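Residue numbers (the working numbering), protein chains in the order written: chain B, 1 to 137; chain H, 138 to 274; chain G, 275 to 411; chain C, 412 to 548; chain P, 549 to 685; chain L, 686 to 822.
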């Protein structure tokens, strides 16, 4: 009889970013984004938790080999964003404000095609220990 | 197309409390609450995680500015309970036993009117690293 | 009016294990399980989080006395698996591959009869800080 | 040939306390101790790390059996301070202000006679994750 | 009789930086600093632990009021470096490579004049959970 | 003018072990090592912190490139002990009881020849979050 288990893998990357709306004035951006609107950028150690839900394979006892999942995350996320300036060095955030909410959805959408469609995918992203997000909610 | 993201903010406060039922005898309270029924109180470092679920604003990329959320939590929760004796110094626990289960619901109910009704609200409270609660479940 | 709260209790145990499928060749097991297939075993510090959901008792303010829950976990899980070789010393994993997915379901099924049927039960198991599982999902 | 190794054991207790100088006016105490001078007390989850330095016994490979050290800490510190009001329930802080600095020295002095004099003893005490102390320094 | 106690206060800031030697070629900088030499910068959540050693004041039981220490760190360190680009926004790292080793010494030297000369000062800086430094050693 | 900075790098490995003295009877080993003497082994997630003290190179701002230090630890320690049975799979613990005290000294002695002799080396090893050791002390 089938039963579903959630499996989780934690990874991390370090990046610089700046929060602002290109269509707004400097005053508007300062009012909304404050210190996060520093035009010279600031940065974070991002912690990422990828969650998959599915039925364990009876032959292996695995929902997925977490080494395989780790490799997918490294290829799609870490190689793309680690030690990068999200605004300047990535196509994903060239026009999209790199808030935690937007980053976590971009990461989800990068991973989704690489994960078996039978598995549900949720991504949690820690911008700091005190501020974090999850998608989908 | 709309999509929902969860955002989380962590805060903390330190408080004293005593667990007991005023309608019970000392022997009943000792039997049920043990050391937690010390009439001179004991205390905890409470860690609080507030979770909101909603659609990011396309103009900002925020579900809510977490600085705004932090300020609401500080006004409604931290100012009320930090460095307090929950039994003696608060109206909320004058008649209500300050178990983690009751505290987390009180905190939820204090925050709910301050948060946009379009956003779902969940509160997690750590009494210790090993004992914690969440409401609603 | 009734309302549901989740309560959580964290416990830990240390154990040795080996991942392999007895019906496979050594080459197949090496290909799938790699280092985890060491015939001399390796080991982990397992962290366990038990979650129960129910209505707090109005007389106590408790969903369950977490001391009682801790004692149940110690009797059913810690006494059985702590400082053990999961493959050699337990009946549960004599024929079942002790992956995190299988361990978390075994722990759930050991605890379920000991917990009031009105309470929902979920178990999370950390094999390492970076690899963890939850059941049911 | 002898060589020295440090061994560490972590324990915890929860307690209420109030910081004030009995010889001062209320205004003086408020000015110096602020919220920590709440006459109804507040509280903390204290984390304690006991460090011993000595030569491992060649027969066992132990500086000390950490189970033995844990039992000593439980007898001398946890049984005395856990779920207590430090000001009201203990002889140690009946006249001594229970600052982290004073608590850590009291704990050291309680443990010192129970530890082999050949072993150096240092105690670290976390009042919160952000405020902690160590003695001797 | 006097006795010395160490007190610790933890703070944090987020910043962007780039590691390189202005006197070197790009090839030399890439060979030595790799990803950390990204000309568009990357960033970190820096955790800072400030340690002071001294004798507790018998009247207060404090080596220093940790609220006062926290305010000094906020004025000298957090206000200067939080949400900044260390290379572009600070005079301290305009010519000095912002490695963790150099940042921790700069922070020490900023704090030293603000701390009573009777107190020993040590600063620990976490660039990530896995890479950290301390000065003086 | 030269100044010394400490740099730290954290790594981890998972291993099985059994604590016992080959020259003792089973009864003696049970009396001293208890559950740790399980003849079928148990295991741990070991966390390792390697500390080096030296003067930063003025050209790089590094005491050592922590990527280089990480590679040395991976070659000398992780490749040797990760996913191994310390008693059965290693020459280091074929005759030496793998207590944390003995493991940390073995790791130190493996790393020492690979580290520049101008740098002081200290190793901390966490067997669990609550039991850990450091060498030299």
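Quick reminder that beta carbons are idealized off the backbone N, C-alpha and C, glycines included.
Treat the numbers as computed from the prediction; the structure is a model and nothing was measured.
Under the DSSP definition of a beta bridge, residue 179(H) partners with 154(H). For residue 543(C), there is no enclosing alpha helix (DSSP H); the residue is found in the beta strand (DSSP E) stretching over 542–546.
Counting only runs of at least 4 residues, the segment 171–230 of chain H fully encloses the following alpha helix (DSSP H) elements, listed from N- to C-terminal order: 203–210 and 223–226. Assignment of residue 264(H) by DSSP, reduced to helix, strand and coil, places it in the coil class. At a Cβ-Cβ threshold of 9 Å, residue 43(B) and residue 560(P) do not count as neighbours. The DSSP-derived three-state label of residue 276(G) is coil.
Taking 8 Å as the upper bound on Cβ-Cβ separation, chain C lies near residues 814, 815, 816, 817, 818, 819, 820, 821 and 822 of the segment 810–822 of chain L. Ranked by Cα distance from residue 210(H), the options 142(H), 160(H) and 146(H) are led by 146(H).
Pairwise C-beta distances place the segment 623–633 of chain P in contact with the segment 654–672 of chain P, as three or more of them are shorter than 8 Å.
In the DSSP assignment, the residues bridged to residue 7(B) are 52(B) and 407(G). Residues of chain B with a Cβ closer than 8 Å to the Cβ of residue 592(P) are, in chain order, 14, 43, 44 and 45.
Considering only beta carbons, the part of the segment 362–390 of chain G lying closer than 7 Å to chain B consists of 371, 373, 375, 376, 378 and 379, in chain order.
Annotation: Cβ neighbours of residue 706(L) in chain C (cutoff 8 Å, chain order): 470 and 471. The beta-carbon of residue 351(G) is placed no less than 9 Å from the nearest beta-carbon of chain B. Here DSSP, grouped into helix, strand and coil, assigns residue 120(B) to strand. For residue 738(L), the closest Cβ of chain C is not nearer than 9 Å.
Against chain B, a Cβ distance below 8 Å from residue 666(P) picks out nothing, because the smallest value is about 34 Å. For residue 506(C), there is no enclosing alpha helix (DSSP H), since its DSSP letter is neither H nor E.
Between the alpha carbons of residue 470(C) and residue 821(L) lies a gap of roughly 20 Å. Our two residues, residue 288(G) and residue 478(C), have alpha carbons roughly 15 Å apart in a direct line. Your pair residue 278(G) and residue 324(G) does not check out as a contact, with CB atoms roughly 16 Å apart and the cut at 8 Å. Under the Cβ distance rule, residue 703(L) does not count among the residues neighbouring chain P, no pair being separated by less than 9 Å. Exposure of residue 403(G) is indicated by the presence of fewer than 16 other C-beta atoms within 10 angstroms of its C-beta.
In this structure, residue 459(C) keeps its C-beta atom at 9 Å or more from the C-beta atom of residue 447(C).
Within the segment 294–313 of chain G, contact with chain L at the beta-carbon level (separation under 7 Å) is assigned to 309, 310 and 312. Put simply, the backbone Cα of residue 257(H) is about 35 Å away from that of residue 427(C).
Just so you know, the alpha carbons of residue 787(L) and residue 472(C) end up roughly 6 Å apart.
Using a 10 angstroms sphere on the CB of residue 632(P), the tally of other CB atoms reaches 16 or more, which defines it as buried.
A Cβ-Cβ contact shorter than 9 Å links residue 611(P) with residue 554(P). Around the beta carbon of residue 437(C), a 10 Å sphere encloses fewer than 16 other beta carbons of the protein chains shown; the residue is thus reported as exposed.
Setting aside the 5 residues that flank it on each side, residue 39(B) is surrounded in the same chain by 18, each with a C-beta closer than 7 Å to its C-beta; the list follows chain order. A distance below 9 Å separates the beta carbons of residue 100(B) and residue 127(B). Between residue 687(L) and chain P, the shortest Cβ-Cβ separation is not below 9 Å. Interface flag for residue 622(P) against chain B is unset, since no Cβ pair is found closer than 9 Å.
Counting every other CB atom within 10 Å of its CB across the protein chains shown gives residue 330(G) a total of 16 or more, marking it as buried. Closer than 9 Å to the CB of residue 204(H) there is not a single CB belonging to chain C.
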